[in-house]
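In this note's numbering, the protein residues as written are 5 to 378.
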């Protein structure tokens with residue numbers, strides 16, 4: 005089914021945006037595979053330029069004209085176009101450096117729709133550096149100082165390579181959410197994010213010659229954590245260090261809960277008390293004891309998810325109707341603090357100095373094709 009993209013809310017003024025984007029194509033050819041949608045039954049796909057539709061073997065199925073689209077759907081174990089099954093895998097490959105429309109936004113690269121168990125997985129295959137243009141603007145404000153953006157570029161590039169090394173037999177390397185790194189396609193790009201990526205082209209952090217797990221977060225609330233205290237497994241480069249995030253939007257927070265709200269969220273009736281069971285040296289609650297009609301100990305991560313807390317770093321005080329949680333930080337408090345990077349950059353530190361503070365004993369290296377051919 006061919007659909008005019010005007011009906012999907014796409015305006016022709018996008019063409020001027022495409023001209024601006026074309027000026028920022030990096031030299032690196034390394035590709036990453038980003039899951040844009042999983043477990044869906046259909047998706048709208050299109051291209052800003054003429055595009056080739058092909059199957060998983062590269063066999064041409066058809067063509068798309070600029071700014072027209074197709075509705076791809078799952079039909080048993082095949083991808084269907086206009087309810088006609090075509091292939092297990094369907095590709096849309098723009099010509100002339102065009103852009104692909106996936107669902108509700110534009111992306112660089114190509115798109116692959118894969119049928120699996122009567123559902124679709126939709127994957128954007130994109131140049132690593134171009135992917136980072138968007139990740140920077142999706143994970144950090146493009147108005148941050150350029151040295152903070154450059155630090156974020158190196159961290160995000162390193163994280164993507166670290167995660168992608170073990171995914172060669174999977175359908176994708178990363179997804180587009182906070183589970184991996186937030187990625188919003190070309191709408192996440194700006195002049196400053198492109199400049200930061202281009203200025204650090206190919207630079208990654210390594211420990212003993214290998215890319216590190218370069219996790220990052222918004223704000224720690226004064227001090228980052230040792231990784232083994234929050235997750236499992238010690239890593240020499242993810243050590244707790246003083247943060248410089250004082251005054252940031254995520255530095256302090258508080259939330260009040262009634263006992264009824266807590267009982268519903270934590271699945272314990274008649275809650276009488278909340279007691280930190282295990283706390284890190286820097287104040288993060290690793291596990292919480294909930295005392296009610298039964299006593300339950302929950303991992304801090306489950307408590308944070310259930311109560312939608314900004315962080316695990318909190319204290320507890322009773323109120324007449326429940327409990328007040330007063331906390332600091334936003335995120336897991338591991339690796340680089342983005343607001344800490346902001347403040348350090350404002351004080352004149354370079355991106356390499358910022359990275360050296362948050363990731364201990366690492367080397368700044370050049371990515372020499374870690375992923376190889378995908």
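Glycine residues also receive a C-beta, built at the ideal position from the N, C-alpha and C atoms.
Quiz item: How far does the beta strand (DSSP E) with residue 50 in it reach, from first residue to last?
Solution: 46-51
Quiz item: Counting pairs of Cβ atoms below 8 Å between the segment 272-286 and the segment 223-237, do you hit three or more?
Solution: yes
Quiz item: Would residue 70 pass as a contact of residue 51 if the rule is Cβ separation under 9 Å?
Solution: yes
Quiz item: What are the partner residues of residue 67, as DSSP defines its beta bridges?
Solution: 56
Quiz item: Are the segment 79-89 and the segment 129-143 touching, with three or more C-beta to C-beta distances below 8 Å?
Solution: no
Self-check item: Where the beta strand (DSSP E) through residue 281 begins and ends
Solution: 277-283
Practice problem: Check residue 27 in the structure and name its three-state DSSP category. | Solution: Any reading at residue 27 must be qualified, since the residue scores a pLDDT of 44, below 50, and its modelled position is unreliable; the value itself is stated next. Residue 27: coil per DSSP, three-state reduction.
Quiz item: First and last residue of the alpha helix (DSSP H) that includes residue 263?
Solution: 263-270
Quiz item: residue 315 to residue 216, Cα distance in whole Å?
Solution: 23 Å
Quiz item: Which term fits residue 154, buried or exposed, when burial requires 16 or more other beta carbons within 10 angstroms of its beta carbon?
Solution: buried
Quiz item: Around the C-beta of residue 279, are 16 or more other C-beta atoms found within 10 angstroms, so that it is buried, or is it exposed?
Solution: exposed
Exercise. Report the residue ranges of all beta strand (DSSP E) runs contained in full by the segment 152-216; include only those spanning at least 3 residues, in chain order.
Key: 207-211
Quiz item: Can you list, in chain order, the residues of its chain whose CB lies under 7 Å from that of residue 196, leaving out five sequence neighbours each side?
Solution: 146, 150 and 153
Self-check item: Whole-number beta carbon distance between residue 161 and residue 208, since they are thought to touch under 8 Å
Solution: 6 Å
Self-check item: For residue 347, three-class secondary structure by DSSP
Solution: helix
Exercise. Please determine, among 340, 325, 366 and 129, the residue with the shortest C-alpha to C-alpha distance to residue 143.
Key: 340
Practice problem: Starting from residue 124, trace the beta strand (DSSP E) both ways and give me its first and last residue. | Solution: 123-131
Quiz item: In chain order, what residues of the same chain lie with their CB nearer than 8 Å to the CB of residue 323, ignoring the 5 residues before and after it?
Solution: 260
Self-check item: Cα-Cα separation, residue 226 to residue 250
Solution: 7 Å
Exercise. Assign residue 288 to buried or exposed, taking buried as 16 or more other Cβ atoms, counted over all protein chains shown, within 10 Å of its Cβ.
Key: buried
Self-check item: The alpha helix (DSSP H) enclosing residue 74, as first and last residue numbers
Solution: Run containing residue 74: none in the alpha helix (DSSP H); it sits in the beta strand (DSSP E), 72-79.
Quiz prompt | Contacts around residue 229, its chain only, beta-carbon distance under 7 Å, and the 5 residues preceding and following it disregarded | solution = 244, 284, 286, 288, 337 and 338
Quiz item: Between the segment 326-333 and the segment 198-213, do at least 3 Cβ pairs fall closer than 8 Å?
Solution: no
Exercise. Spatial neighbours of residue 363 within its chain, please: CB distance less than 6 Å, with the 5 preceding and 5 following residues excluded, ordered by chain position.
Key: 209 and 241
Quiz item: For residue 222, which of 213, 319, 333 and 267 has the nearest alpha-carbon?
Solution: 333
Self-check item: Residue range of the unbroken alpha helix (DSSP H) whose run includes residue 309
Solution: 304-311
Quiz prompt | Buried/exposed call for residue 170, threshold 16 Cβ in 10 Å | solution = exposed
Quiz item: Roughly how many angstroms separate the alpha carbons of residue 43 and residue 134, rounded to a whole number?
Solution: 26 Å
Self-check item: Element boundaries [beta strand (DSSP E), containing residue 231]
Solution: Residue 231 -> not in any beta strand (DSSP E); alpha helix (DSSP H) instead, spanning 231-234.
Self-check item: Contacting residues, own chain, Cβ-Cβ under 6 Å from residue 302 (five flanking each side not counted)
Solution: 292
Quiz item: Can you round the beta-carbon distance between residue 54 and residue 34 to whole angstroms, since I take them to be within the 8 Å contact cut?
Solution: Not quite, the Cβ-Cβ distance comes to about 26 Å (not below 8 Å), so this is no contact.
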